[in-house]
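Here the structure comes first, spelled out in structure tokens, and everything after it is commentary.
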Amino acid sequence: MSVYEVESLNTDNICVHVPGSKSITNRVLLLAALSEGTSHIEGILESDDSKHFIESLKLLGYQVFSGDSHVIIKGCGRNIPNKTGSIYVGSAGTAARFLTAMLAFSDGTYYIDSSEQMKKRPMKELISALMCAGAKFEFQENEYSFPFKVTGAGNSFTDKSMLTLDVNIDKSSQFLSALLMAAPISGRRVHIHLTGERKAKSYVKITQKMMHDFGVDVLMLSDNDYVVDGEKSCYNAGSYMCEPDVSAACYFYAMAAVTGKSALVYDVHRDSMQGDIKFVELLERMGCTAIDTDEGIILTGPDRLCGIKADMSDYSDQALTLAAIAPFTDSGVTIKGIAHIRGQETDRIKAMYNELTRMQIKCVEHADGIEISSGTPQSALIETYNDHRVAMSFSVTGLCADGIKINNPECSHKTFPEYFNILDDLCKQEESI
2 MSVYEVESLN
12 TDNICVHVPG
22 SKSITNRVLL
32 LAALSEGTSH
42 IEGILESDDS
52 KHFIESLKLL
62 GYQVFSGDSH
72 VIIKGCGRNI
82 PNKTGSIYVG
92 SAGTAARFLT
102 AMLAFSDGTY
112 YIDSSEQMKK
122 RPMKELISAL
132 MCAGAKFEFQ
142 ENEYSFPFKV
152 TGAGNSFTDK
162 SMLTLDVNID
172 KSSQFLSALL
182 MAAPISGRRV
192 HIHLTGERKA
202 KSYVKITQKM
212 MHDFGVDVLM
222 LSDNDYVVDG
232 EKSCYNAGSY
242 MCEPDVSAAC
252 YFYAMAAVTG
262 KSALVYDVHR
272 DSMQGDIKFV
282 ELLERMGCTA
292 IDTDEGIILT
302 GPDRLCGIKA
312 DMSDYSDQAL
322 TLAAIAPFTD
332 SGVTIKGIAH
342 IRGQETDRIK
352 AMYNELTRMQ
362 IKCVEHADGI
372 EISSGTPQSA
382 LIETYNDHRV
392 AMSFSVTGLC
402 ADGIKINNPE
412 CSHKTFPEYF
422 NILDDLCKQE
432 ESI
């Protein structure tokens, strides 16, 4: 485990490429596997998460050929090639939820294991819904967590009446996305009803759009009710280009915002289907200017950022990014609507509070958010909790504060393996001659 010391930027104009979207990559891998025919996918994210997903598909018997951000998958429709098998999903929440749902709707029996980190993340609500569909789970350690054996409900799907499933997505909208994408395997009409307070938003919209792109439409009866007609529709293979990862792009936009410089992230545009594009609008409200060019959005920071109060429930992956630049605003930042991020790679609200306090920034923790005062961050060794977003977010703080070091920067390999190499290039000081 290493330590990365953040230096100041050595450029006024950040110009970077970012990898493919994690959210899109792991959805398209599942949809391609469940399609009839061969899919060609360009621009995928090459990271720990996607590697676990691809390796799992191979272990399940799928023919997958990958290299240079390109993947070819020979789909098998509603049939999983191997009727038994063991897979390992690592710390990938999308792989864990999506593959569990897929296998629970199948007619086979499988063993799924994960990292220690993933064992602590929420799965109960999804598993409960899958049990109601007829799947059987045998937990090896703790109830409703990995590792477990799942026997799919496929052999019980002889009844073609509508299957109704209740699910609470207050802790993760991935539960709904998993059920929606796996539903066509059943060959039945599936009605999914949301029982909690949280309504599906940006990430589920990505799921719906991508399902449509592969030939299956989702009927929304209301904000709480979704229907997939698995009896009459199935996924069709094709060619697909993944968007660049807007979540990754936001770190560079935050760098520009906090330093008063400019950042161009190639091929990221305002019409992205990813919810994190709203972070650009947030930065504009804080005083930045953003122009969408043919090459991508160029964002320029102001002399000093304005403070803001923000409900980030629909783009919560950027809550840490906003927290990291909050001390440099003129009046502080209040973030709310993010209670669910306590159940991610780490309790991210607690992580914000701990690391800001470590830098001697005053803040107040709430159940669903945090209040952060403006101030001058002091030198500190940032604990990352093996959370990629903690590592990348607080590296941005270090651009404007002396002595900020990031513990275990390698955890960024989960979604952005080259992040700290790119940051190195942006901060590289010219050698004196």
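Residues 2 to 434, numbered by the numbering used here, are exactly what the sequence shown covers, in order. For every residue, glycine included, the Cβ atom is placed at its ideal position computed from N, Cα and C. What you are looking at is a predicted structure, and each value in this text was computed from that prediction instead of being measured.
A distance below 7 Å separates the beta carbons of residue 70 and residue 44. Look at residue 293 here: in three-state DSSP terms it is strand.
With respect to the C-alpha of residue 222, the residue from 167, 234, 193, 216 having the closest C-alpha is 193. In the three-state scheme derived from DSSP, where H, G and I count as helix and E and B as strand, residue 106 is classed as coil. When secondary structure is reduced to three states using DSSP, residue 345 falls in the coil class, being assigned neither helix nor strand. For residue 410, the three-state secondary structure derived from DSSP is helix. By the 16-neighbour rule on beta-carbons within 10 angstroms, residue 290 is exposed.
Residue nearest to residue 269 within the set 281, 258, 260 is 281 (criterion: CA-CA distance). Within a 10 Å sphere around the beta-carbon of residue 271 sit fewer than 16 other beta-carbons, which makes this residue exposed. Contact check for residue 40 and residue 238: beta-carbon distance about 4 Å, within the 8 Å limit, so the pair qualifies. DSSP lists 165, 228 as the bridge partner or partners of residue 192. For the options 325, 336, 51, the alpha carbon positioned closest to that of residue 369 is the one of 336.
Boundaries of the beta strand (DSSP E) harbouring residue 16: 14-17, taken from the DSSP string.
For residue 318, the closest alpha carbon among the candidates 342, 72, 102, 260 is that of 342. Beyond the five residues adjoining it in sequence on each side, residue 107 comes within less than 6 Å, by CB distance, of 81, 153, 155 in the same chain, given in chain order. Using a Cβ-Cβ distance cut-off of 8 Å, the stretch 116-134 and the stretch 56-64 are not in contact, since fewer than three pairs of beta carbons, one from each stretch, lie closer than that value. Pairwise C-beta distances place the stretch 373-386 out of contact with the stretch 203-223, as fewer than three of them are shorter than 8 Å. In terms of Cβ geometry, residue 22 and residue 275 form a close pair [threshold 7 Å]. If one requires a minimum length of 3 residues, the beta strand (DSSP E) runs lying completely within the stretch 256-304 are 263-267, 290-293, 297-301, in chain order. Around the beta carbon of residue 213, fewer than 16 other beta carbons lie within 10 angstroms, which makes this residue exposed.
Two segments are said to touch when three or more pairs of C-beta atoms, one from each, lie closer than 8 Å; by this definition the stretch 165-172 does not touch the stretch 140-147. Assignment of beta-bridge partners to residue 336 by DSSP yields 311, 371. A direct Cα-Cα distance of roughly 13 Å separates residue 18 from residue 421.
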